[in-house]
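Colleague:
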Amino acid sequence: MSFLPIDSIKEQFNQLIKHHHIVVEAETGSGKSTRLPLWASQFGRVLVVEPRRIACTSLASYIAQQEGSKLGESIGYAIKLDGQYSDDTQVLFVTPGVALRWFSENRLSDFDIVLIDEYHERRWDMDLLVAMLKENASHRLVITSATIEGEKLAKYVKAKRLVASGRLHHVVVSYRAADSHYLPDGRGLDKRVVDVVRTELATCDGDILVFLPGRKEISMCAQMLVAIDGVDVVQLHASVSDRERERALTPSVQQKIVLATNVAETSLTIANISLVIDSGLERRTSQRNGRTVLSLTAISKASANQRAGRAGRVMDGQCIRMYGQHAALAAVTPPELLRGELTEAMLASACCGFHLDQLAFLELLPEKSIQQAKKTLTVMRAIDREGIATEHGEILYPLAIDVLYADLLTRMPTRALQEAMIDLAAGLSVAGYLYKLPTSEEKLKHLADWLPASCDVELIIRLVRGEQCQALDVDHQALFEAQAMARQIRKLFHLPELEVASRFDRKSFFTAVVDTHPELLYVRREKRRQMLANGYVEISPARNSLFNDEAEAAIVFDQHSTPGRGVKQTLNLGTIMFPCSLSYLSELSIGDWVQGETVVEDGVLYSQLALTYAGRIICRKLVVPEGNLVLKPIIEAVVAETFLSGFARQRSEEITHWRLYVELGLDAFCQQHNDLSFEQWFTKQLVDLGISDADELELFQAEDFLFEGIPYWQYEEFASTYPLILNLGDLQLTVEYHAAQKRVYVIYKNGLRRGDPKRWELPRWQGWRIQYKKGSRIVDVR
């Protein structure tokens, strides 16, 4: 077996693991992912946690081959929907999701050693797993990292630190930027990358690995590179097929160009790579205005070093960075627990018997994110008020799908609707997209004929159920994975096979979803029709959604947020939408009925009611006012002075003066007035007295409705000091007081005077700044 840099610490490792946790620092290409699991297996059964499925399957296959054993015997793997292992497997590679679910079942009691590989990626599930293993204190921990501060990590888990210096082959790094401080930039990236590839191909002896931020950029570059003769262009990302992955990882007769996301940064050895071209970009989640957004971001210095190391795994190599040598990159990638929502992490920890906010992490978790996760899971009834997982939460967690979809499918009222939700959730849970929408008119027409409802949800369900549409560009690998997941969940809930799926009613589906999660319902804005709202958030339909201009409302099952133009702006895009008619909302009275004007028809008094949702009027109706609906017409009549002439005006002035009295801190018994209005105050008086008919007001006088605000012996002097109306002969003014700013606005009401009021004409108002407003003009009064 050939020597690798990690071999220099083998003896120390074998001595320390008997009595200590170990943190191993080693550069990419040092051999830590292949050597350490075998060393550790001499001391017990080993669970190796890898951040990605590709790494799990590839490492397990490679080590099994090197050991001369059959995959699944002494060396195995377990990932979502797939696995090759037995109870006798000594070294088992798993993804963090699998490790967490097994921890919830028996706290990983089947294993003696847990090896957390590539910890520096700081995924939320790996951070959570380490925190719980640390708290549980039943396993020997080995944590590997290429970049994270080893001393800090070793102190955190009370471990011994080992450092394996150097890599096997030398890598020369160069930069392609007009300025040494030039940051990674996505503009024109595909053309710039292709130009570098064409230039370097002639002198490159081995294969080329290009790091790009996502599938979109990979696809664009691939289309431009396939025209080069004698070169094999291969894509490598989370959702490629097994065949495509094998093409990327194994040697080729032709020179090969591998276009990859950051899945190729760690653990994987791609044969014969001598040149790495690094865009310096990745797509990363972050918190923005209380939402988790996915944005194009410059990588950290740590990731840049990881990427460069790919060129030095099997031979001396070169790394070309598409940015400046002195670009201001962050030292390390921020932990995912600090960048996104904590709902999944909190449910996982609760189902494992821990409170997320009581676990010790390397960094403190954001309190706001913790509280939001608690609120979300409590509303779902997945955890109780003490933060302990409920029976419902225990059902949701193992489903390996988004908590929202898990909650929805378990609450569907019929088997047919539950089947529909399972198939939709499966389609939404695979990496990437199941399909690409067509762009040609002919194919769009064919799709419209095949799917008249223009519904993303129905499209996904039909694809998962095996229906085909020639107009769509379907990702068959992703579809295969979605169908496998749908079959697995259907079996768990004892539902029919996918091939004999039940038909479902669209209106019943709408009702069931909105009853469970009303916040998913959005209605189109009447003026800004490109936007939809749910009363909390605005979204715009994404380009890859079928939602059309005629639809007025939709359930939005999936959306993503991107940074907007401003520093604080966030653009929310709805990607998977279920269009519905406004009649669905009116029939189910979804929204709030708001009382409007009082009208008289054929001598009968009616109140106009409007059903409103997210600021939009859904429908209107006239009703004969009863109960509290009677109060609004009575109050309107009093304000119009049909009854109790002058009463509304006088009490309104008293209330306005009292609000100023409170703001000035003069009320010993009240510190907040809560913007009390005459209408609010008088409504309470009518309710307290049981008045429900305007005719009953004739039995009362104004003195029967006293406002207990400023004490009566102080009111006259206070009203004189702070008048609300001023008559200056040829100029009538209203007055507004802003106590917090000690500012008075005297506002033009009417009058013939052209000039501004003079200071001597106005009350003393000592210590206040006085300004005169007429239209949009505001000037100081001196």
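Read in the working numbering, the sequence shown has 301 at position 300, and its numbers run on one by one without any break.
All residues carry an ideal CB built from backbone N, CA and C; glycine is no exception.
Since this is a predicted model, take the numbers as computed values, not measurements.
(1) Assess, as a yes-or-no matter, whether the region 742-749 is touched by the region 764-776 under the definition of 3 or more beta carbon pairs within less than 8 Å.
(2) With distances taken Cα to Cα, identify the nearest neighbour of residue 606 among 211, 449, 485 and 634.
(3) The alpha helix (DSSP H) that contains residue 126, what's its start and end?
(4) Specify, as a first and last residue, the run of the beta strand (DSSP E) that residue 93 falls within.
(5) Applying the 10 Å Cβ sphere with the 16-neighbour rule, what's the burial state of residue 784?
(6) Enumerate in chain order the residues of its own chain whose CB-to-CB distance from residue 618 is below 6 Å, with the five nearest sequence positions on each side excluded.
(7) Throw me the rounded Cβ distance for the residue 616 and residue 534 pair, which I believe falls under 8 Å.
(8) Tell me residue 735's beta-bridge partners as DSSP assigns them.
(9) So, does the CB of residue 330 fall closer than 8 Å to a CB anywhere in chain D?
(10) Using a Cβ-based criterion (distance less than 7 Å to any ligand heavy atom), does residue 104 qualify as near the ligand ATP?
(11) May I ask you to report which of helix, strand or coil DSSP gives residue 36?
(12) Taking only the alpha-carbon atoms, compute the straight-line gap between residue 407 and residue 464 and give it to the nearest angstrom.
(13) In this structure, does DSSP put residue 357 in helix, strand or coil?
(14) Spatial neighbours of residue 65 within its chain, please: CB distance less than 6 Å, with the 5 preceding and 5 following residues excluded, ordered by chain position.
(15) Can you list, in chain order, the residues of its chain whose CB lies under 7 Å from that of residue 11, leaving out five sequence neighbours each side?
(16) Could you check how far apart the C-beta atoms of residue 262 and residue 215 are, in whole angstroms? I think they sit under 8 Å.
(17) Can you give the Cα-Cα distance for residue 91 and residue 46, rounded to whole angstroms?
(18) Closest to residue 85 by CA distance: which of 102, 640, 61 and 13 is it?
(19) For residue 602, which beta-bridge partners are listed by DSSP?
(20) Among residues of its own chain, excluding the 5 on either side of residue 543, which ones have a beta-carbon nearer than 7 Å to its beta-carbon?
(21) Just checking, does the region 227-244 make contact with the region 458-478 on the three C-beta pairs under 8 Å criterion?
(22) Name the two residues that bound the continuous beta strand (DSSP E) containing residue 621.
(23) Restricting to Cα atoms, I'd like to know which of 579, 699, 33 and 730 is closest to residue 559.
(24) Around the Cβ of residue 627, are there at least 16 other Cβ atoms within 10 angstroms (buried) or fewer (exposed)?
(25) Compute the distance between the beta-carbons of residue 1 and residue 432, then report whether it is under 8 Å.
(26) Under a Cβ-count criterion, where at least 16 other Cβ atoms within 10 Å of its own Cβ denotes burial, should residue 595 be classed as buried or exposed?
(27) To test your reading of the DSSP string, which unbroken alpha helix (DSSP H) runs of 4 or more residues are found completely within the region 491-561?
(28) Find the nearest neighbour of residue 711 within the set 158, 656 and 236, judged by alpha-carbon distance.
(29) May I have the straight-line CA-CA distance separating residue 733 from residue 739, to the nearest angstrom?
(30) Rounded to whole angstroms, what's the CA-CA distance from residue 319 to residue 33? Just pull it up for me.
(31) Measure how close the beta-carbons of residue 472 and residue 447 come, nearest whole angstrom, since I'm counting them as under 8 Å.
(32) Would you mind listing the alpha helix (DSSP H) stretches within the region 370-453 that are 4+ residues and don't spill past its ends, in chain order?
(33) Let me make sure I understand the geometry here. Which of 37, 780 and 387 has the alpha-carbon closest to that of residue 17?
(34) Can you find at least 3 beta carbon pairs, one from the region 184-197 and one from the region 337-356, that sit closer than 8 Å?
(35) Could you give the distance in angstroms between the alpha-carbon of residue 728 and the alpha-carbon of residue 622?
(36) If I'm right that residue 547 touches residue 470 with Cβ under 8 Å, what's the distance once you round it to whole angstroms?
Modeller: The short version:
(1) yes
(2) 634
(3) From DSSP, the alpha helix (DSSP H) with residue 126 extends over 125-137.
(4) 92-95
(5) Outside the displayed range of the chain (2 to 783) lies residue 784, so it cannot be described from this structure.
(6) 611
(7) 7 Å
(8) 726 and 748
(9) Within the model displayed, chain D is absent; a lone protein chain is all it includes.
(10) In terms of ligand content, the structure shown is empty, and the ligand ATP therefore cannot be addressed.
(11) helix
(12) 20 Å
(13) helix
(14) 72 and 76
(15) 40
(16) The Cβ separation is near 6 Å, so the contact holds.
(17) When rounded, the distance between both Cα atoms is 5 Å.
(18) Nearest option by C-alpha distance: 61.
(19) 605
(20) Same-chain partners within the cutoff: 574, 575 and 576.
(21) yes
(22) 617-624
(23) Here the closest residue by C-alpha is 579.
(24) exposed
(25) What is shown of the chain runs 2 to 783, which leaves residue 1 out entirely.
(26) exposed
(27) 507-517
(28) The shortest C-alpha separation from residue 711 is found at 656.
(29) Approximately 20 Å, taken between the alpha carbons.
(30) 22 Å
(31) So it is a contact: roughly 4 Å between Cβ atoms.
(32) 392-397, 404-412, 416-429 and 442-451
(33) Relative to the Cα of residue 17, the nearest Cα in the group 37, 780 and 387 belongs to 37.
(34) no
(35) 44 Å
(36) The pair is not a contact, with the Cβ atoms about 12 Å apart (cut-off 8 Å).
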